[in-house]
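Chemist: Taking our numbering, the leading residue of the sequence shown gets 3, the next gets one more, and so forth. Ideal placement from N, C-alpha and C gives every residue a C-beta, glycine not left out. Given the structure is predicted, the values throughout are model-derived calculations rather than measurements. Input: one structure, supplied below.
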Amino acid sequence: MKTSKNILISLSIYFFIRIFSYLFHPQTPLWSQSPTNSLLSLLILILAAYLIYKKDERGWYIVAGEIILGGSGGYLSIFGISLRTCLLITSLSIYFPQKLYNEKKEFFSKFKTEHYLILILFTAAFFSASNGLYHNHVRGNIISDLIPYFFLLYLFPLSELWLSDKFRDLGKKAILAAIFGNAILILFTQIGFSSEIFTLQDQYYHWYRDVALGKITDLNLHFYRLVLNEHLLLIPLTIYFIADIIKNKLNKINLLALFSLLFILTNNLTRIYLLALATGILILFSFKKWKRWLVVSAVSTISFLVIFTTFHTIASRGQSLGLEFFGIRLQSIVAPQIEDSSLSRIILLPKILEKIKTNLILGSGTGDTVTIYSPVFKQNITTTNFDWGYLEIWAEMGSIGLLIWIAFIFYTFYTIIKNKRKYNKQILSAVLVAFLIINITSPALFHVFGTLLLIIFFTPVGLEYSHSAGGIIIGQNGKIILVNNKKHFDWWTPPKGGIAENETPLETAKREIFEETGLKNITYIKDLGYFYNLKSWDNKPYFKKNSMFLFKTTEISLSPQDSDNPEAKWFTIDEAINIIQNTYYKNFIIKTKHDLR
Numbered sequence: 003m004k005t006s007k008n009i010l011i012s013l014s015i016y017f018f019i020r021i022f023s024y025l026f027h028p029q030t031p032l033w034s035q036s037p038t039n040s041l042l043s044l045l046i047l048i049l050a051a052y053l054i055y056k057k058d059e060r061g062w063y064i065v066a067g068e069i070i071l072g073g074s075g076g077y078l079s080i081f082g083i084s085l086r087t088c089l090l091i092t093s094l095s096i097y098f099p100q101k102l103y104n105e106k107k108e109f110f111s112k113f114k115t116e117h118y119l120i121l122i123l124f125t126a127a128f129f130s131a132s133n134g135l136y137h138n139h140v141r142g143n144i145i146s147d148l149i150p151y152f153f154l155l156y157l158f159p160l161s162e163l164w165l166s167d168k169f170r171d172l173g174k175k176a177i178l179a180a181i182f183g184n185a186i187l188i189l190f191t192q193i194g195f196s197s198e199i200f201t202l203q204d205q206y207y208h209w210y211r212d213v214a215l216g217k218i219t220d221l222n223l224h225f226y227r228l229v230l231n232e233h234l235l236l237i238p239l240t241i242y243f244i245a246d247i248i249k250n251k252l253n254k255i256n257l258l259a260l261f262s263l264l265f266i267l268t269n270n271l272t273r274i275y276l277l278a279l280a281t282g283i284l285i286l287f288s289f290k291k292w293k294r295w296l297v298v299s300a301v302s303t304i305s306f307l308v309i310f311t312t313f314h315t316i317a318s319r320g321q322s323l324g325l326e327f328f329g330i331r332l333q334s335i336v337a338p339q340i341e342d343s344s345l346s347r348i349i350l351l352p353k354i355l356e357k358i359k360t361n362l363i364l365g366s367g368t369g370d371t372v373t374i375y376s377p378v379f380k381q382n383i384t385t386t387n388f389d390w391g392y393l394e395i396w397a398e399m400g401s402i403g404l405l406i407w408i409a410f411i412f413y414t415f416y417t418i419i420k421n422k423r424k425y426n427k428q429i430l431s432a433v434l435v436a437f438l439i440i441n442i443t444s445p446a447l448f449h450v451f452g453t454l455l456l457i458i459f460f461t462p463v464g465l466e467y468s469h470s471a472g473g474i475i476i477g478q479n480g481k482i483i484l485v486n487n488k489k490h491f492d493w494w495t496p497p498k499g500g501i502a503e504n505e506t507p508l509e510t511a512k513r514e515i516f517e518e519t520g521l522k523n524i525t526y527i528k529d530l531g532y533f534y535n536l537k538s539w540d541n542k543p544y545f546k547k548n549s550m551f552l553f554k555t556t557e558i559s560l561s562p563q564d565s566d567n568p569e570a571k572w573f574t575i576d577e578a579i580n581i582i583q584n585t586y587y588k589n590f591i592i593k594t595k596h597d598l599r
């Protein structure tokens, strides 16, 4: 019930944003109402900034909610600057100074290879922007190309936020709401244009194109190809839900999400998306679950075709199933002249290669443009859209920038293969390979959604999982017990340990307390909750849940039974906070301090 409620709330926010932007956005005909949009956006920004400054997790909920539910990010803006960009700059401007001030050298000691690679890639993007200025590129284009690289820096707060159950749960519900909302929006738009309630160049068309930043293409017979920027994540999400259904018991909400994604895909119809999806599904193949893989893959494929032919038949008033469209799209791969978008891409190719040749090492800089003859508009046009993802990186960032990107991609694969759980390796590899395929003919990797997807691979998602339990024991003098694990870490923590088979967390806590302190007579008071932390064992990270309970005792003498934890001592609460080196346990003691008095 709670799951459905959270999804409905997120879905309401999803549509409120779009309806509000339709009525109060400077790109719509209601020019006089545009200050309302800026005012609301400013209030949201101030609230998020205040909460983040106060280290309140809800501030990051606003940031994440805008990214997930805000689509392309063009719906809300503050005097022409998107709310997404304002939230990005503001949140990071608060986060990093606070981190550096509070943690000082400890902040840098936590850096891993991915953090250094992100900073190198970020630096390369900055150099490319400077190079763009040197080559007199339009400043607005340079900034637009540079902004997605700033989103890489979200890895730092996201790695911490991922340890929060509530953040992960609300994030998942928001993603489900965004999928359902997008499917409804696409259905509404398709029906509107197919029934001629909406027409090309009318108010809704301009809102969809200029505010939602979408594309509408008439495919004849009253059927329209509908594309939105957030569709860059269409295939990664589809692969994820297919994998989830293959691996786990059937979940109705996840099944509905998969069908919603397939419906969106029938209206998007991007060739490279179909190729990426097919490749991703092949990577998901497992001999252990081959029957389920075959069934889910077949049902997904058949569902896609049934949804497409049904809607195309209805839209065309029974004149066509639409299957001939796939023939044209496939033929255009070998004969691009028969289809405008394929022909445009081929015309772009020699121009891009010439730019690469001219500035082979350093590139021409971000914000570059290409001038070609457009078969669509029947005239020369200048565009920032190169339509060849890897070649655009090479042209703008040069061979050095391309090599940095290649190193980043290879390290991402390395992280997946080395650190993730067995089946999660397969899922994440399928998602990454599919996205790399999409980048062949789209600026996917260096789009905002692309950079956000990439940093998710470096969060605890998919890591090995463990569960431990422990306790905080209060003595008659108000002191608590800490034990020193000298064998592995030589630092002080409350007594705790891994949960054995057929053991409850509370039973584990009592057992571990006896083993690590020798106390037999302890009285259970309350459940203090749990927290997550990242651990490393044999140079392999894993995701650990720690359940903690509160006990009291009248015993004073401590006699540890566990050779791994040979020392146990009583500390005042303030002494314990000062001596605990593990940040996660320190923060937990601080958080529950009022329960220990």
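With distances taken Cα to Cα, identify the nearest neighbour of Leu71 among Ala185, Ile48, Ser166, Tyr275.
Modeler: Ranking Ala185, Ile48, Ser166, Tyr275 by Cα distance to Leu71 puts Ala185 first.
Chemist: Here's a check: name, in chain order, each residue in its chain whose Cβ is nearer than 8 Å to the Cβ of Tyr63, leaving out the five neighbours to either side.
Modeler: Result list for Tyr63: Phe169, Leu172, in chain order.
Chemist: Under 6 Å Cβ to Cβ from Gly75, same chain only, skipping five residues before and after it: list those, please.
Modeler: Closer than 6 Å at the Cβ level, and outside the excluded window around Gly75, lie Ser84, Arg86.
Chemist: Since Leu350 contacts Ile383 with CB under 8 Å, what's their CB separation in whole angstroms?
Modeler: Contact flag wrong, Cβ pair sits at about 11 Å.
Chemist: In whole angstroms, what is the alpha-carbon distance linking Gln583 and Asp566?
Modeler: Taking the straight line from one Cα to the other gives about 18 Å.
Chemist: Under 8 Å Cβ to Cβ from Ile354, same chain only, skipping five residues before and after it: list those, please.
Modeler: If we look at Ile354 and ignore the five residues flanking it on each side, its Cβ neighbours are Val372, Phe388, Trp390, Leu393, Glu394, Ala397.
Chemist: Buried or exposed, going by whether 16 or more other CB atoms sit within 10 Å of the CB of His27?
Modeler: When all chains shown are included, His27 counts as buried.
Chemist: Are Asn486 and Glu557 close, meaning C-beta to C-beta below 9 Å?
Modeler: In this structure, Glu557 does not lie closer than 9 Å to Asn486 by Cβ.
Chemist: Taking DSSP's pairing of strands, which residues face Glu466 in a bridge?
Modeler: The partner list for Glu466 (beta bridge, DSSP) reads Tyr544.
Chemist: According to DSSP, Tyr375 sits in a beta bridge with which residue or residues?
Modeler: Paired residues: Asn382.
Chemist: Which two residues bound the contiguous beta strand (DSSP E) that contains Asn133?
Modeler: Note, Asn133: premise wrong, no beta strand (DSSP E); alpha helix (DSSP H) at 115-136.
Chemist: Quick check: the region 266-283 against the region 178-193, are there 3 or more CB pairs under 8 Å?
Modeler: Contact between the region 266-283 and the region 178-193 is present, because at least three Cβ pairs lie under 8 Å.
Chemist: Check the C-beta distance from Asn361 over to Gly400 and give it rounded, since I have them as a contact under 8 Å.
Modeler: With 8 Å as the limit, Asn361 and Gly400 qualify as a contact, their Cβ atoms being about 6 Å apart.
Chemist: Got a sec, what are the start and stop residues for the alpha helix (DSSP H) Asn269 sits in?
Modeler: Here the alpha helix (DSSP H) through Asn269 covers 254-270.
Chemist: For a test of the three-state rule: what should DSSP assign to Arg227, helix, strand or coil?
Modeler: In this structure, Arg227 counts as strand in the three-state DSSP scheme.
Chemist: Report all residues from its chain with a CB closer than 8 Å to the CB of Ala126; omit the five preceding and five following residues, and keep chain order.
Modeler: For Ala126, where only same-chain residues beyond five positions count, the Cβ hits under 8 Å are Met399, Ile402, Gly403, Ile406.
Chemist: Quick check: what's the CA-CA separation for Pro497 versus Phe590?
Modeler: Taking the straight line joining both Cα atoms gives about 14 Å.
Chemist: Using a 10 Å radius around the Cβ and a threshold of 16 neighbouring Cβ atoms, would you call Val433 buried or exposed?
Modeler: Answer is buried; the Cβ neighbour count reaches 16.
Chemist: Return helix, strand or coil for Asn504, following the three-state DSSP convention.
Modeler: Coil at Asn504, not helix or strand.
Chemist: So the candidates are Ser40, Lys112, Leu456; which of them puts its Cα closest to the Cα of Phe81?
Modeler: Closest option to Phe81, Cα to Cα, is Ser40.
Chemist: When you compare only the Cα positions, how much space is there between Thr495 and Ile96?
Modeler: Straight-line Cα distance between these residues: approximately 31 Å.
Chemist: In terms of residue numbering, what span does the alpha helix (DSSP H) encompassing Asn486 cover?
Modeler: No alpha helix (DSSP H) holds Asn486; the beta strand (DSSP E) holding it covers 482-486.
Chemist: Between Tyr532 and the rest of its own chain, which residues show a CB-CB distance below 7 Å, the 5 nearest in sequence each way excluded?
Modeler: Excluding residues within five positions, the ones whose Cβ falls inside 7 Å are Lys547, Asn548, Ser549, Met550.
Chemist: Taking 9 Å as the threshold (C-beta atoms), are Val298 and Ile247 in contact?
Modeler: Yes, they are a contact pair.
Chemist: Using 10 angstroms around the beta-carbon of Lys251, count the other beta-carbons present and answer buried if the total reaches 16, otherwise exposed.
Modeler: So Lys251 ends up on the exposed side.
Chemist: Closest by CA to Leu236, which one among Ala214, Ile218, Leu178, Tyr210?
Modeler: Of Ala214, Ile218, Leu178, Tyr210, the residue nearest in Cα terms is Leu178.
Chemist: Quick check on DSSP: helix, strand or coil for Ile363?
Modeler: Three-state DSSP puts Ile363 in coil, outside helix and strand.
Chemist: Taking its Cβ as the centre, do 16 or more other Cβ atoms sit within 10 Å of Trp292, making it buried, or is it exposed?
Modeler: With fewer than 16 other Cβ atoms within 10 Å, it is exposed.
Chemist: Which term fits Gln1, buried or exposed, when burial requires 16 or more other beta carbons within 10 angstroms of its beta carbon?
Modeler: No answer is possible for residue 1: the residues shown for the chain start at 3 and end at 599.
Chemist: From Leu325 to Leu223, what distance separates their C-alpha atoms?
Modeler: Using only the alpha carbons, I get a separation of about 13 Å.
Chemist: Cβ atoms of Val450 and Pro150: under 9 Å apart, would you say?
Modeler: Their beta carbons are under 9 Å apart, which means Pro150 touches Val450 by this criterion.
Chemist: Would you kindly check if the distance between the Cβ of Ala50 and the Cβ of Ser111 is under 9 Å?
Modeler: The answer is no: Cβ separation not under 9 Å.
Chemist: Along the alpha helix (DSSP H) that carries Trp396, what are the first and last residues, could you check?
Modeler: Counting along the chain, the alpha helix (DSSP H) containing Trp396 begins and ends at 391-421.
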